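Colleague:
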Amino acid sequence: MTTRPRIICCILSAFVFASCGVLSDGPPQRVVRVKVLADPAVRERNSGWEKELRGLVEAASDYYEREFNVRFITQSAAAWPSQERIPSTADLLVRLKRDFPLERKEAGHDLIIAFTGESMSRYTGAGRPRVDKIGNCRDGLGYYAVVPVREVFRYGGPSAELTYDSVALIHELGHIFGAEHVADGQSIMNETFDYRTEFDMKNRNVILKNRNCPFAK
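So the sequence shown is numbered by our numbering: it starts at 31 and just counts up by one.
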């Protein structure tokens, strides 16, 4: 026969363990270290560009941590290119690979995001955001992203409404983890870059599958 003190002890133990499970959030499943770069147009538009870009990455990180348990942390920010204006995201990506070659990848970060403030339409080839590859576990996740920003961004906290620029960044980070363009007009991975805030189920599953894959080396 189970004694009354033993019953009370079991109940209290179960309560303690349940409470620990509720109160302990635990670390993020994946932490991605980011190096951000700001082109001359971004720097000319806002003298506080470093805080702005860190906030933009933070906004995208809030989304990914909530949806996929992936956290992006800006490890460093730098001015790049130093003076040259490059009004094409395709040319920026080529220059990015040349100036920061993968074979000389620094140990302090997993991903480089270059932001441009040049006046370009996201709907044309010259202004479309770009990544170096659609990531996968076999070949590694992407390493470079070039993302235009249309206006000065101010981080408003985890519950703030997403802006067009933060949606564009979330879209490109989806590619880094293997997400591809879809015809679904409600998906954030639709290539028209309209304002959307949800991933389609197929790409959601791809990101969940690839979120712990190694980055390119």
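Idealized CB from N, CA, C, for every residue including glycine. Please read all numbers here as calculations on a predicted model, not as lab measurements.
Could you check where the beta strand (DSSP E) with S106 kicks off and where it finishes?
Modeller: Where S106 is concerned, the enclosing beta strand (DSSP E) starts and stops at V100 to A109.
Colleague: I'd like to know if the stretch 147 to 166 and the stretch 116 to 123 are in contact, where contact means that at least 3 CB-CB pairs between them fall below 8 Å.
Modeller: yes
Colleague: In three-state DSSP terms, what is G204?
Modeller: helix
Colleague: Consult DSSP for R73 and reduce its assignment to one of helix, strand or coil.
Modeller: helix
Colleague: Decide if E82 is buried, meaning its Cβ has at least 16 other Cβ atoms within 10 Å, or exposed.
Modeller: buried
Colleague: What number of angstroms, rounded off, separates the C-alpha of E210 from the C-alpha of G204?
Modeller: E210 and G204: Cα-Cα distance of roughly 8 Å.
Colleague: For a test of the three-state rule: what should DSSP assign to T222, helix, strand or coil?
Modeller: coil
Colleague: Grab me the residues of R241's own chain with a C-beta within less than 8 Å of its C-beta, minus the 5 sequence neighbours each way, in chain order.
Modeller: Q59, R60, F98, N99, V100 and F207
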